[in-house]
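Here the sequence shown is numbered in the working numbering, starting from 104 and rising by one per residue. Yeah, the Cβ is synthetic: ideal placement off N, Cα and C, and Gly gets one too. Notes follow once the structure below has been shown.
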Amino acid sequence: MIVVDTNVLAYLYLPGELTSAAEALLEHDPHWIAPLLWRSEFRNILAGYMRRKSLTLDQAHTVQSEAEGLLAGSEYEVDSLRVLELVRDSDCSAYDCEFIALAQTLETKLVTMDAKLLKAFPNVALRLAG
Numbered sequence: 104m105i106v107v108d109t110n111v112l113a114y115l116y117l118p119g120e121l122t123s124a125a126e127a128l129l130e131h132d133p134h135w136i137a138p139l140l141w142r143s144e145f146r147n148i149l150a151g152y153m154r155r156k157s158l159t160l161d162q163a164h165t166v167q168s169e170a171e172g173l174l175a176g177s178e179y180e181v182d183s184l185r186v187l188e189l190v191r192d193s194d195c196s197a198y199d200c201e202f203i204a205l206a207q208t209l210e211t212k213l214v215t216m217d218a219k220l221l222k223a224f225p226n227v228a229l230r231l232a233g
């Protein structure tokens, strides 16, 4: 079981240079988890693709549905106090600290490409091998 940040999900579903790394991660550890926040962040990524005319509404909806299916039953609320403590102790956003809080609470790792998270939380955050 690993926490994945929203961008790792995007790499899996939206073809790019890190897609193969995300696919390899899923093959190695297929139990991905995330805070509920991932849904809004992922929709925002899809919105950008739609605005750039890289995805149609129907395609974006299909991708969102597939990602929701992957994480079905693996989405978590996080403790607000814990998130705020992590914000206090780092330069990371509250959004990003939700992923760290979840990983710490469930005693697992977060896979990310976020440089701030990797630097601030080296014992929890792991770089997506790519």
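Report the rounded CA-to-CA distance for G172 versus P225, giving the unit in angstroms.
Distance between the alpha carbons of G172 and P225: 30 Å.
Would you tell me roughly how many angstroms separate the C-alpha atoms of L231 and D217, rounded to the nearest one?
Roughly 9 Å between the two C-alpha positions.
In whole angstroms, give me the CA-to-CA distance for A125 and V111.
Answer to the nearest angstrom: the Cα atoms are 6 Å apart.
To the nearest angstrom, report how far apart V190 and C200 are at their CA atoms.
Computed Cα separation, rounded: 6 Å.
Comparing alpha-carbon positions, which option in R142, P138 and L149 lies nearest P118?
Measuring from the Cα of P118, the nearest candidate turns out to be L149.
For a cutoff of 7 Å on Cβ pairs, would you count R185 as touching chain B?
The displayed structure is made up of one protein chain only, and chain B is not part of it.
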